[in-house]
Amino acid sequence: MKQPRFPYPLQPLRVPGGWHITVNTLFEVEPGPDTMEWFSSALLLWGSCRDSGYCFNSHFEPEDDPQGEFVLEMGKVAYDRHGKIVQGSDAFLGEFRTRSKAEFVARVEQFMQDPAA
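Numbering (the UniProt record's numbering), first residue to last: 1 to 117.
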């Protein structure tokens, strides 16, 4: 099956070893009136590190609003010996909001590099 062609490449990210990016719909384009369709998905990025249990997801809100902001939600979970998430172990560590795509990308990379920072 042929991959669809997008008018923008994916946003480059520095992803440390051990991290798995499950969802990546963050394109290398700035939000604006003519580009909001590229920020209207429920998730922009979703990543996790099974070794440490740290994870994150992100979105743009409000959807379809060029004046909106990037939202990064950070968390941590525990895994059992079979690699399944231990029910009730999820901990919300906080969120980061910004209108700057560059600041958003920098914070995502910082979280993956040093989640405790």
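C-beta atoms are modelled at their ideal positions from N, C-alpha and C, and glycine is treated no differently.
### Query
So what does R97 bridge to, in DSSP terms?
V71
### Message
Quick check on the burial criterion: 16 or more other C-beta atoms within 10 angstroms. Buried or exposed for L10?
### Response
exposed
### Message
Tell me which residue opens and which closes the beta strand (DSSP E) that T22 is part of.
### Response
Here the beta strand (DSSP E) through T22 covers W19 to N24.
### DSSP three-state assignment for residue 118, whether helix, strand or coil
For the chain, the structure presents residues 1 to 117; residue 118 sits outside this window and is missing.
### Query
In terms of residues, what are the limits of the beta strand (DSSP E) holding F60?
Y54 to E61
### Message
I'd like to check one pair, V71 with F96: are the Cβ atoms closer than 9 Å?
### Response
yes
### Query
Buried or exposed: F111, going by 16 or more other Cβ atoms within 10 Å of its Cβ?
buried
### Query
Could you give the distance in angstroms between the alpha-carbon of P16 and the alpha-carbon of Q113?
6 Å
### Query
Distance, Cα to Cα, M36 vs D64?
Straight-line Cα distance between these residues: approximately 5 Å.
### Message
What does the alpha-carbon distance come out to for the pair W19 and S58?
### Response
Computed Cα separation, rounded: 15 Å.
### Query
Measuring CB to CB, does F6 end up less than 9 Å from F27?
yes
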